[in-house]
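Residue numbers (the UniProt record's numbering): 1 to 631.
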């Protein structure tokens with residue numbers, strides 16, 4: 001367990017709120033709650049409290065659990081006919097005084113399907129049997145005998161579930177965790193080595209894949225939560241969506257394996273030998289992603305603090321670099337992204353100066369860890385990621401007495417120059433060159449053929465244009481973050497020499513003096529145009545479409561929109577794009593982002609003197625927006 005002075009993770013699972021309970025709470029309790037003597041919400045078809053506890057709801061049928069009187073040893077060997085006559089003889093002799101002791105009916109009797117271990121039903125099948133000795137040579141039908149459940153090896157169903165989820169991850173999740181998928185995808189796992197994975201990792205894989213399936217299943221249905229972008233008339237509350245709100249049989253299994261993960265991590269943290277090991281650190285970093293997948297308002301800050309404590313105890317960030325034989329895989333890149341981006345969603349007065357200062361240690365190793373955004377689902381160039389790190393540092397320093405110093409202004413100018421001089425076309429070209437030099441993908445034949453056919457159908461020039469638009473979207477998003485926090489919120493102006501790098505076309509056409517507001521509008525316009533071009537290729541690009549990585553730029557564009565200006569069409573575009581991303585990412589974070597942006601727009605629209613004058617920190621201080629993460 002991390003030392004006492006460090007903040008550690010509080011392993012907890014958020015259950016559904018009372019508002020999520022259906023109107024069927026007037027009925028009787030389910031058999032599970034009745035058996036455990038708990039208050040049931042009587043939600044049909046399954047109790048939400050059972051789903052939250054990770055147990056199977058036995059339903060409300062009359063035969064879910066049958067209680068019978070125990071047999072005496074002399075009656076155990078009696079036949080079924082004799083046992084059926086026993087109640088008549090008991091009725092004739094009269095009832096004994098006192099309450100009879102009741103036990104659960106043995107497993108060999110009829111029971112509810114929910115009580116037994118989940119397994120495939122083996123109904124009698126009819127197969128053709130050849131009779132060589134028959135005169136007419138006809139084939140007769142014979143009943144195929146089903147394999148008895150007692151012959152199934154112990155743990156067979158759990159092992160098959162783990163293998164199927166690992167295979168699902170390789171086919172449908174891993175390929176979306178890199179910009180261009182190929183055989184060197186670092187996230188793909190070899191199934192023959194699945195037994196070497198710790199149980200805590202397997203449990204997280206199962207919960208992650210099932211969550212991905214459930215969200216993708218419901219995202220294509222009319223029952224999926226839809227939100228409106230017209231929120232100008234009144235303030236709205238931030239709606240936090242939970243996986244438990246979906247009526248799906250996999251939800252209980254998701255919570256079951258999520259609880260197993262938390263229990264196993266709790267036991268490992270108590271072990272002196274495992275507390276600071278690579279396995280525990282990799283599991284905690286993976287748990288951060290699982291929490292973010294299930295909700296943008298998950299428990300990721302507590303898990304991030306636990307990872308920081310382990311890294312500090314082991315000697316710092318450099319201890320886990322690949323050249324030091326650390327065994328956490330791509331978890332180090334995930335930790336860097338979550339640590340850096342988490343500061344963006346935190347007001348300046350709540351930033352920890354020690355954490356933002358520690359982020360500067362990542363800069364010399366970005367090429368080794370992040371590989372210029374090629375091997376992650378946050379395809380941000382190293383130059384832009386370095387600028388985000390330095391902006392976070394200046395936001396922290398700006399809270400002190402040195403916030404108005406000339407040295408800080410010089411640092412802001414250097415950051416802006418690096419953002420404005422970024423070459424999106426060259427970055428996109430280098431990514432395509434890496435794709436051409438690598439071998440074709442190595443997943444299963446049917447998935448490989450489908451993806452290759454989709455990639456072949458899209459011309460290389462189209463892929464180049466989409467990748468360049470994605471790079472420009474990240475460039476303008478980082479620029480907006482820089483202009484807003486380092487210039488507009490501090491009351492500073494951008495030097496003309498720097499502003500001309502971005503808004504030279506605007507200056508030559510309109511002949512207006514470039515101030516920070518015009519520069520901000522120019523960057524916002526460039527971001528929205530890049531996003532529109534990117535999303536216009538969604539239907540025609542197939543698997544090669546890279547717009548699924550535009551979550552963070554879309555969120556920044558929504559944060560910088562002024563609802564007092566006629567931007568309703570842009571708000572509609574942002575909300576619709578985020579809702580579509582729920583399907584592509586298999587996560588609820590984009591849906592939470594829609595609710596958060598609506599709250600920000602409503603607050604900005606009703607407050608006097610707000611609009612573009614609203615600072616970044618005040619936008620983040622909307623009630624309910626604490627600990628949000630868009631990744």
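All C-beta atoms in this analysis are idealised placements derived from N, C-alpha and C, irrespective of residue type, glycine included.
When DSSP assignments are scanned along the region 280-324, the uninterrupted stretches of alpha helix (DSSP H) that are 4 or more residues long and fall wholly within it turn out to be 300-313. Around the Cβ of residue 156, a 10 Å sphere holds fewer than 16 other Cβ atoms; the residue is exposed. Taking a cut-off of 8 Å on C-beta distances, the region 284-296 touches the region 616-631, as three or more cross pairs fall below it.
Distances from the alpha-carbon of residue 182 to those of 488, 516 and 435 put 435 closest. Between the beta-carbon of residue 519 and that of residue 565 there is about 17 Å, and that puts the pair past the 8 Å contact cut. By the Cβ-count criterion, residue 160 is exposed, with fewer than 16 other Cβ atoms from all chains shown falling within 10 Å of its own Cβ. Look at residue 411 here: in three-state DSSP terms it is helix. For the 7 Å CB-CB criterion, residue 212 and residue 586 form a contact.
Counting only the Cα atoms, residue 353 lies some 37 Å from residue 175. Under the three-state reduction of DSSP, residue 515 is assigned to coil, being neither helix nor strand. At least 7 Å separates the beta-carbon of residue 306 from that of residue 376. For residue 58, the closest alpha carbon among the candidates 52, 336 and 33 is that of 33. Two segments are said to touch when three or more pairs of C-beta atoms, one from each, lie closer than 8 Å; by this definition the region 414-426 touches the region 383-398.
In the displayed model, residue 561 falls within coil according to three-state DSSP, outside both helix and strand. Along the length of the region 579-625, whole alpha helix (DSSP H) runs at least 4 residues long occupy 589-606 and 616-620, reported in chain order. Here the alpha carbon of residue 38 sits roughly 51 Å from the alpha carbon of residue 474. Taken atom to atom, the span from the alpha-carbon of residue 340 to that of residue 389 is near 6 Å.
Between the region 207-221 and the region 578-596, the count of C-beta pairs closer than 8 Å reaches three or more; the two stretches touch. For residue 349, same chain residues with a beta-carbon under 8 Å away, outside a window of 5 residues either side, are 399 and 617 in chain order.
Going by C-alpha positions, residue 276 is about 44 Å away from residue 42. For the pair residue 426 and residue 468, the CB atoms are not nearer than the 7 Å cut-off. The shortest C-alpha to C-alpha distance from residue 365 to any of 347, 538, 322 and 238 is the one to 322. Secondary structure at residue 535: helix, using DSSP grouped into helix, strand and coil. Taking the C-beta atoms as reference points, residue 239 is found nearer than 7 Å to residue 595.
Put simply, the backbone Cα of residue 62 is about 32 Å away from that of residue 207. With three or more CB-CB distances shorter than 8 Å, the region 190-202 counts as touching the region 278-287.
7 Å or more divides the Cβ of residue 210 from the Cβ of residue 243. The criterion of a C-beta distance shorter than 7 Å is satisfied by residue 278 and residue 328. Residue 204 is positioned such that its CB atom lies closer than 7 Å to that of residue 290.
If the five residues before and after residue 363 are omitted, its C-beta is found closer than 7 Å to the C-beta atoms of 386 and 389, all from its own chain and listed in chain order.
Less than 7 Å separates the beta-carbon of residue 555 from that of residue 593. For residue 250, the enclosing alpha helix (DSSP H) stretches over residues 250-270. DSSP places residue 555 in the helix class (H, G or I) of the three-state scheme. In this structure, residue 534 and residue 466 form a Cβ contact; the two beta carbons are roughly 6 Å apart against a cut-off of 8 Å. Looking only at 470, 190, 588 and 619, the smallest Cα-Cα distance to residue 598 is reached by 619. Residue 287 and residue 394 do not touch by the CB rule: their CB atoms are close to 31 Å apart, not below 8 Å.
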